[in-house]
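Structure, as structure tokens:
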Amino acid sequence: MEKLSLSEAVECLCSNCEPVVETERISLWNASGRVLGENIISEMDQPPFPRSPLDGYALKSEDTTGALENQPVKLKVIDEIMAGYVGRHHVKNGEAVRIMTGAPIPPGVDCIIRQEDTDYGEKEVKIYKELKQYDNYCFKGEDFKNQQLLLKKGVILSAPEIGIIASCGKPDVLVYKKPAVALITTGDETMMPGPPLKPGKIYDSNMFTLGCRLKELGVLPQCIMHVDDHTDRMVCAIQEISNYTDLIITTGGVSVGKKDIMHEVFKQAGVKTLFWKVSVKPGTPTLCGKYNNTLIICLSGNPFAALTNMELLVKPVLSKMLLNRDLEPDRKTVPIDKGFEKGSRVTRYVRGYLNNGKVTIPTNKHSSGILSSMAGCNCLIEIPAGNYGVHKGDQVCVIPM
Numbered sequence: 328m329e330k331l332s333l334s335e336a337v338e339c340l341c342s343n344c345e346p347v348v349e350t351e352r353i354s355l356w357n358a359s360g361r362v363l364g365e366n367i368i369s370e371m372d373q374p375p376f377p378r379s380p381l382d383g384y385a386l387k388s389e390d391t392t393g394a395l396e397n398q399p400v401k402l403k404v405i406d407e408i409m410a411g412y413v414g415r416h417h418v419k420n421g422e423a424v425r426i427m428t429g430a431p432i433p434p435g436v437d438c439i440i441r442q443e444d445t446d447y448g449e450k451e452v453k454i455y456k457e458l459k460q461y462d463n464y465c466f467k468g469e470d471f472k473n474q475q476l477l478l479k480k481g482v483i484l485s486a487p488e489i490g491i492i493a494s495c496g497k498p499d500v501l502v503y504k505k506p507a508v509a510l511i512t513t514g515d516e517t518m519m520p521g522p523p524l525k526p527g528k529i530y531d532s533n534m535f536t537l538g539c540r541l542k543e544l545g546v547l548p549q550c551i552m553h554v555d556d557h558t559d560r561m562v563c564a565i566q567e568i569s570n571y572t573d574l575i576i577t578t579g580g581v582s583v584g585k586k587d588i589m590h591e592v593f594k595q596a597g598v599k600t601l602f603w604k605v606s607v608k609p610g611t612p613t614l615c616g617k618y619n620n621t622l623i624i625c626l627s628g629n630p631f632a633a634l635t636n637m638e639l640l641v642k643p644v645l646s647k648m649l650l651n652r653d654l655e656p657d658r659k660t661v662p663i664d665k666g667f668e669k670g671s672r673v674t675r676y677v678r679g680y681l682n683n684g685k686v687t688i689p690t691n692k693h694s695s696g697i698l699s700s701m702a703g704c705n706c707l708i709e710i711p712a713g714n715y716g717v718h719k720g721d722q723v724c725v726i727p728m
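My numbering puts the first residue of the sequence shown at 328, with every later residue one more than the last.
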């Protein structure tokens, strides 16, 4: 099977998965980052009444004619209205109402004077400034009107959008469901953190690195498990998990060693192989297939290789499944402030730190099995195939993480 370019591999994966179009209604508290599954149309005016934008006095603008600091206008204070309460009087000429921010403006009033332009009087107030009609006056429906389309289906919900929905009086919202994703790590050599290491063993970091990355991308894996390098057990796991998942991600077992079982697993389970090997470094021996309607992406067991192809291959798939274009890998061209002299026959990805429009390589540890040098990195630096590295000041393509 021929090695695919990165773009060919992404196209192949995305053509073999579908967006999740089922919806569910959830609380606004849980809606951040979700994709809106309905149009939001207001069923009220917001604000539902004319209101004061500041602390001051509600009055008639004509009563302020000629008002100056050394020649104030005096008005009788007939009421006080706090936010959340309604005034008791219709305001007439020569009268004013003490009013607080957000309180309903009483009838008969056409402006609000801020309290700093008065003497703060309680029974009688001195007005030191002339106002025009509707100065400091928030109209009913100023934010939005009844039956106005506020948000379109497909919008990614963040704090402002959720606030808009709440201001309509809606406690919940219809959103698209998330894809069901499973993460399986493999390897006889790995064990869970906690107990002391046994001879020949290492702790399983991939489960936590990739599992947490999935959560950062908005997907809580429905199943996370470890399977030893045992073909029959992995076949059973794939077949069982595929009954309730849209995507299975595995790590390890994808090269050509005696313990690289995933090729045999695909054969015995009846998984249709889509491709094996991508022209990228690290993570070349990536194996992908489809079992019934479940997409299977088998990443390298090397920690940095697995994390790299999570960004390059898995993110585009999640973008399509989640109907979230924000997850499509972004690319920027910036200068690099440190050279990288290693050439590569295939496109290579190097850990980097992007800051103030420049990128740096903060480490000299680039092995695909090394994870510690990813600490503090926030991007991948893309070095094109067939060159001899990059030099300080060169323009390079980076993929923010």
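We put the CB at the ideal spot given by N, CA and C, even for glycine.
As the structure is a computational prediction, the values presented were derived from the model and not from experiment.
_Suppose the cutoff is 8 Å on Cβ atoms and the five residues either side in sequence are ignored; what does the same chain contact list for lysine 528 look like?_
Residue 528 sits at position 201 when you count from the first residue of the sequence shown. In its chain, beyond the 5 residues on either side, Glu516, Thr517, Met518 have a beta carbon closer than 8 Å to the beta carbon of lysine 528.
*Mind checking whether leucine 402 and isoleucine 454 have CB atoms under 8 Å apart?*
Translated into positions along the sequence shown, residue 402 becomes position 75. Translated into positions along the sequence shown, residue 454 becomes position 127. Yes, these two residues count as a Cβ contact at 8 Å.
*Beta-carbon separation of serine 671 and isoleucine 697 under 8 Å?*
Counted from its first residue, the sequence shown places residue 671 at position 344. Counted from its first residue, the sequence shown places residue 697 at position 370. No, Cβ-Cβ distance for serine 671 and isoleucine 697 is not below 8 Å.
*Where asparagine 714 and valine 554 are concerned, what is the direct C-alpha to C-alpha distance, given to the nearest angstrom?*
Translated into the one-based positions of the sequence shown, residue 714 becomes position 387. Translated into the one-based positions of the sequence shown, residue 554 becomes position 227. Between asparagine 714 and valine 554, the C-alpha separation is close to 39 Å.
*Endpoints, the alpha helix (DSSP H) within which threonine 558 is located*: For the purposes of this step, residue 558 is taken as residue 231 along the sequence shown, with counting starting at 1. Residues 558–568.
_With H, G and I counted as helix, E and B as strand and the rest as coil, what does DSSP make of cysteine 344?_
Within the sequence shown, the letter at position 17 stands for residue 344. Coil at cysteine 344, not helix or strand.
*Is the segment 631–647 in contact with the segment 584–594, if contact means three or more CB pairs nearer than 8 Å?*
Judged by Cβ distances under 8 Å, the segment 631–647 makes no contact with the segment 584–594, as fewer than three pairs qualify.
_Other residues of its chain near threonine 600: CB distance less than 6 Å, five sequence neighbours each side excluded_ = For the purposes of this step, residue 600 is identified with residue 273 of the sequence shown, where counting begins at 1. The residues are Phe593, Gly616.
*Look at the Cβ atom of lysine 604, then the Cβ atom of arginine 675, and state whether they are nearer than 8 Å.*
As a first step, residue 604 must be located in the sequence shown, where it is residue number 277. As a first step, residue 675 must be located in the sequence shown, where it is residue number 348. No, the Cβ-Cβ distance between lysine 604 and arginine 675 is not below 8 Å.
*Would you report the Cα separation of aspartate 470 and proline 433, rounded to the nearest angstrom?*
Position 143 of the sequence shown, counted from the first residue, corresponds to residue 470. Position 106 of the sequence shown, counted from the first residue, corresponds to residue 433. Between the C-alpha atoms of aspartate 470 and proline 433 there is a straight-line separation of about 19 Å.
_Only counting the same chain, and skipping five residues up and downstream in sequence, which positions put a Cβ closer than 8 Å to that of threonine 428?_
Counted from its first residue, the sequence shown places residue 428 at position 101. Within the same chain, threonine 428 has close Cβ partners Ser379, Pro380, Leu381, Asp382, Ala410.
*Could you have a look at phenylalanine 535 and say whether DSSP puts it in helix, strand or coil?*
If you number the sequence shown from 1, residue 535 lands on position 208. Looking at phenylalanine 535 - three-state DSSP - the assignment turns out to be helix.
*Where do the ends of the alpha helix (DSSP H) carrying proline 487 lie?*
Position 160 of the sequence shown, counting from 1, holds the residue named residue 487. Judged by DSSP secondary structure, proline 487 falls within the alpha helix (DSSP H) whose first and last residues are 486–494.
_Beta-carbon spacing of serine 388, glutamine 460 below 8 Å_ = Looking up residue 388 in the sequence shown gives position 61. Looking up residue 460 in the sequence shown gives position 133. The criterion of a C-beta distance shorter than 8 Å is satisfied by serine 388 and glutamine 460.
*Does the Cβ of alanine 423 lie closer than 7 Å to at least one heavy atom of the ligand GTP?*
Of ligands this structure carries none, so the ligand GTP is not represented either.
*With threonine 621 and leucine 574 assumed to form a contact (beta carbons below 8 Å), what rounded beta-carbon distance in angstroms separates them?*
Locating residue 621 in the sequence shown gives position 294, counting from the first residue. Locating residue 574 in the sequence shown gives position 247, counting from the first residue. Beta-carbon to beta-carbon, threonine 621 and leucine 574 are separated by about 7 Å, close enough to satisfy the 8 Å threshold.
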